[in-house]
Amino acid sequence: MKNQRRQLLKAIGIVGLVPLQQAHATPEEAASAINRIVGTNAVKEGRVQLELASLIENGNLVTIKVSTDSPMSQSDYVKAIHLVAERNPLPNILSAYFTPQSGTANFTTRIRLADTQRVWAIAQMSDGSFYQTYADTLITSSACSEGFI
Amino acid sequence: MLLYAAPSSAADPRQSGYQLMSAENKAMQDDPSLNPATFAILDGQSAWQEKLGSSNQACASCHGDAAKSMQGVATRYPQLVDGKLMNLEGRINQCRAEKQKVKPLPYESKELLSLLAYISVQSKGMPIQIKANPATQPYLEAGKRHFNQRIGQLNLSCKQCHEERAGEKLAGIPIPQAHPTAYPIYRIEWQSVGSLQRRLRNCMIGVRAEPYAYGSKELTELELFLMMRANGMPLEAPGVRP
Amino acid sequence: MSKTSRTLITMPKTARKGEIIEIKAIVQHDMETGFRHTEQGKLIPRDIIRVFTCQFNGVEVFKADFFPAVGANPLLIFTVIATTSGTLQFSWAGDDGYLATNQSQITVT
Chain S
1 MKNQRRQLLK AIGIVGLVPL QQAHATPEEA ASAINRIVGT NAVKEGRVQL
51 ELASLIENGN LVTIKVSTDS PMSQSDYVKA IHLVAERNPL PNILSAYFTP
101 QSGTANFTTR IRLADTQRVW AIAQMSDGSF YQTYADTLIT SSACSEGFI
Chain H
1001 MLLYAAPSSA ADPRQSGYQL MSAENKAMQD DPSLNPATFA ILDGQSAWQE
1051 KLGSSNQACA SCHGDAAKSM QGVATRYPQL VDGKLMNLEG RINQCRAEKQ
1101 KVKPLPYESK ELLSLLAYIS VQSKGMPIQI KANPATQPYL EAGKRHFNQR
1151 IGQLNLSCKQ CHEERAGEKL AGIPIPQAHP TAYPIYRIEW QSVGSLQRRL
1201 RNCMIGVRAE PYAYGSKELT ELELFLMMRA NGMPLEAPGV RP
Chain U
2001 MSKTSRTLIT MPKTARKGEI IEIKAIVQHD METGFRHTEQ GKLIPRDIIR
2051 VFTCQFNGVE VFKADFFPAV GANPLLIFTV IATTSGTLQF SWAGDDGYLA
2101 TNQSQITVT
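Protein chains in written order, with the numbering used here: chain S, 1 to 149; chain H, 1001 to 1242; chain U, 2001 to 2109.
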């Protein structure tokens, strides 16, 4: 069971545990995470869009919508979309994998954003090309919470 | 689809905190397939059927189909039960103790919140209906005193934020009028479902006051006052709030 | 016995052949990040869902890897082409032996 888990973790490329003192990752770590995804390939702008509110009251559950321009045919489809955060404790947020049976590579999910930051979406196409986009958002915090901040 | 419209006339200036939310969070509340509190309702539905105690009684044993028997119930609490002011949590626990002969569920426990969510959703869309009568009057007045009383190191009263400055910004966010129309809520801040009393305690901590205990006389009186203040407004339970 | 929890699938029961259908999948899970501490200062260990998969008649059509930044009670809304009638199988796997499955039938005409 333990070996299977290790293999599973390797397969999905989990970044190593962040030491306790480090509260937030940096744009440089986000860039490293993106480099691990794209390798030496060039990343172009376009073909992928992010819908993310520009002002968010609480970063614990933020709705994010990704859409892509792609025929999603057998020969030309979106293989994967990776969401990466610049100022979360860990840069990787979610990776979605599509097939020609997906119909679209559009998806919606709800994520945690630790602080005001930029969120990246990296799309990997079936021909091996990469496209990227980003959205900037401002996180405030609701008044009157439980803990002393 | 239920809409919690902005006040339709100048005569009723009351507005639910729902109106201040983003489109995404409103959608999260309105659609059960998106609302995280839906799981609490499903847990409550299971709990409703669970036979407990030496007499092997479930809520369903006496109350049957909750969709019928619990309709309107959440709009009428807190209320006096055998001369004691009780909120819905207290009433659930009283039933457990007297009818099922089992221990009360702790405040804010997953089990109690699930039952609360399941019972409250049966009144979704119905107007809050707290009946004023001579017996509840002293509790109502006590609740109003709590609402108007400055407390804590910040020396603020509920009234100063939620009436005098409702709609103005605090840390970039508009201050709601504080009508308890949506409880229990999935508060995004908590990442879980919670009760009105939990939220009231948050506010007390927010102004650096020692919060009243769960189930305390003071919080229940304040609940009664707040519900009365929101009389006629539709219940949104279970709501989503930031 | 692995631990599990409730899941909810929302999708159409019928579709025309070739129609793109939308699937909403939500699962009851706290997604403990591993960055939170108790009031006493003790670190709460990470406990999250790691993978979600959707299979259509036994063929994987969609997959997602979750990291701690996925919000509690993870929601995914995605699409699938309705090719033939059959079964959509959903599964969530995560830390501490977590496993949840759900399925939905679709009639394609």
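For each residue, glycine too, the CB sits at the ideal point set by N, CA and C. As the structure is a computational prediction, the values presented were derived from the model and not from experiment.
Sort the options by Cα distance to residue i and report the nearest one.
i, options, result
"H/Ile1128", "H/Thr1181, H/Pro1138, H/Ile1041, H/Pro1106", "H/Thr1181"
"U/Val2080", "U/Ile2044, U/Ala2015, U/Gly2034, U/Thr2109", "U/Ala2015"
"H/Tyr1186", "H/Arg1014, H/Pro1013, H/Asp1012, H/Tyr1018", "H/Tyr1018"
"U/Val2027", "U/Thr2053, U/Leu2043, U/Glu2060, U/Val2061", "U/Thr2053"
"U/Ala2091", "U/Thr2109, U/Phe2062, U/Ile2106, U/Gly2071", "Sequence check: residue 2091 of chain U is Ser here, not Ala. For the residues U/Thr2109, U/Phe2062, U/Ile2106, U/Gly2071, the minimum Cα distance to U/Ser2091 belongs to U/Phe2062."
"H/Lys1124", "H/Ala1213, H/Gly1167, H/Gln1071, H/Asn1056", "H/Gln1071"
"S/Val84", "S/Gln132, S/Thr140, S/Glu57", "S/Gln132"
"U/Thr2107", "U/Leu2043, U/Thr2084, U/Ala2100", "U/Thr2084"
"S/Ile111", "U/Arg2006, U/Ile2021, U/Ala2072, U/Ile2020", "U/Ala2072"
"H/Lys1159", "H/Ala1171, H/Leu1080, H/His1179", "H/His1179"
"H/Leu1116", "H/Trp1190, H/Leu1088, H/Ala1166, H/Cys1095", "H/Leu1088"
"S/Thr140", "H/Leu1170, H/Ala1132, H/Cys1062", "H/Leu1170"
"H/Gly1053", "H/Leu1113, H/Cys1095, H/Gln1197", "H/Cys1095"
"S/Gln124", "S/Thr63, S/Glu28, S/Glu45, S/Asp136", "S/Glu45"
"S/Met72", "S/Pro100, S/Lys65, S/Ala33", "S/Pro100"
"S/Ser67", "S/Glu57, S/Val43, S/Ser102, S/Ser54", "S/Ser102"
"H/Lys1101", "H/Gln1045, H/Gly1232, H/Ala1058", "H/Ala1058"
"U/Met2011", "U/Val2051, U/Gly2034, U/Ile2020", "U/Ile2020"
"U/Leu2008", "H/Pro1174, H/Leu1034, H/Tyr1118, H/Phe1225", "H/Leu1034"
"S/Ala30", "S/Ser129, S/Phe130, S/Thr137, S/Gln117", "S/Gln117"
"H/Tyr1118", "H/Ala1047, H/Gly1172, H/Leu1154", "H/Ala1047"
"U/Ala2064", "U/Asn2057, U/Leu2075, U/Val2051", "U/Val2051"
"H/Leu1271", "H/Met1021, H/Glu1024, H/Leu1196, H/Ala1209", "Within the shown structure, residues of chain H are numbered from 1001 to 1242, placing residue 1271 of chain H beyond reach of any answer."
What does the Cβ neighbour count give for residue i, buried or exposed, with the cut at 16 atoms within 10 Å?
i, result
"S/Gln22", "For S/Gln22, the predicted structure reports a pLDDT of 44, less than 50, and the residue's modelled location is therefore unreliable. The matter cannot be settled from this model."
"S/Lys10", "Residue confidence is low: S/Lys10 scores 47 on pLDDT, short of 50, so the model does not pin down where it sits. No coordinate-derived value is stated."
"S/Val48", "buried"
"S/Ile81", "buried"
"H/Val1081", "exposed"
"S/Ser70", "buried"
"H/Thr1038", "buried"
"S/Asn35", "exposed"
"H/Gly1232", "exposed"
"U/Gly2094", "buried"
"U/Ile2044", "exposed"
"H/Arg1241", "buried"
Along chain U, which residues have their Cβ under 9 Å away from the Cβ of residue i?
i, result
"H/Gln1191", "Asp2030, Met2031, Gly2071, Ala2072, Asn2073"
In chain S, which residues lie with their C-beta within 7 Å of the C-beta of residue i?
i, result
"U/Phe2090", "Within chain S, no residue comes near U/Phe2090; the closest Cβ sits about 14 Å away, beyond 7 Å."
"H/Ile1188", "Asn58, Asn60, Leu61"
"H/Gly1172", "Thr140"
Write down the C-beta distance between residue i and residue j rounded to the nearest angstrom, noting that I regard them as a contact closer than 8 Å.
i, j, result
"H/Gly1152", "S/Cys144", "With 8 Å as the limit, H/Gly1152 and S/Cys144 do not qualify as a contact, their Cβ atoms being about 11 Å apart."
"S/Leu94", "U/Phe2066", "6 Å"
"H/Glu1111", "H/Leu1105", "5 Å"
"S/Asp127", "S/Asp76", "7 Å"
"H/Tyr1107", "H/Gly1215", "6 Å"
"H/Ala1237", "H/Ala1066", "13 Å between Cβ atoms; not a contact."
"U/Gly2097", "U/Lys2024", "That pair is no contact at about 26 Å."
"H/Pro1184", "H/Leu1113", "6 Å"
What in chain U is Cβ-close to residue i, meaning under 8 Å?
i, result
"H/Ser1033", "Leu2008, Thr2010, Lys2024, Ile2026"
"S/Phe130", "Those do not exist, as S/Phe130 stays about 17 Å from chain U at its closest Cβ, beyond 8 Å."
Report yes if the C-beta of residue i is less than 8 Å from at least one heavy atom of the ligand MN; otherwise report no.
i, result
"S/Leu52", "Absent from the structure shown: the ligand MN. Ligands present: none."
Leaving aside the five residues before and after residue i along the sequence, list all residues of the same chain whose C-beta is less than 8 Å from its C-beta, in chain order.
i, result
"H/Leu1200", "Pro1211, Tyr1212, Leu1219, Leu1222, Glu1223"
"H/Ala1132", "Leu1140, Met1228"
"S/Asn41", "Gly128, Ser129, Phe130"
"H/His1146", "Cys1158, Glu1218, Glu1221, Leu1222, Phe1225"
"H/Met1086", "Tyr1077, Pro1078, Gln1079, Leu1080, Gln1094, Thr1220"
Which residues in chain H sit within 7 Å of residue i, going by Cβ to Cβ distance?
i, result
"S/Ala53", "Ser1022, Glu1024"
Listing by chain order, which chain U residues have their CB less than 7 Å from the CB of residue i?
i, result
"H/Leu1042", "Arg2006"
With a CB to CB cut of under 7 Å and the five nearest residues on each side skipped, what residues in its chain are close to residue i?
i, result
"U/Gln2103", "Thr2087, Leu2088, Gln2089, Phe2090"
"H/Ala1135", "Leu1080"
"H/Leu1020", "Pro1174, Pro1176"
"H/Leu1196", "Pro1180, Tyr1183, Glu1223"
Who are the near neighbours of residue i in its chain, counting only those whose CB is closer than 6 Å to its CB and skipping five residues on each side?
i, result
"U/Lys2017", "Val2108"
"S/Thr108", "Lys65"
What does residue i touch in chain S if you count any residue whose Cβ is under 9 Å from its own?
i, result
"U/Ala2064", "Leu94, Ser95, Ala96, Tyr97, Phe107, Thr109"
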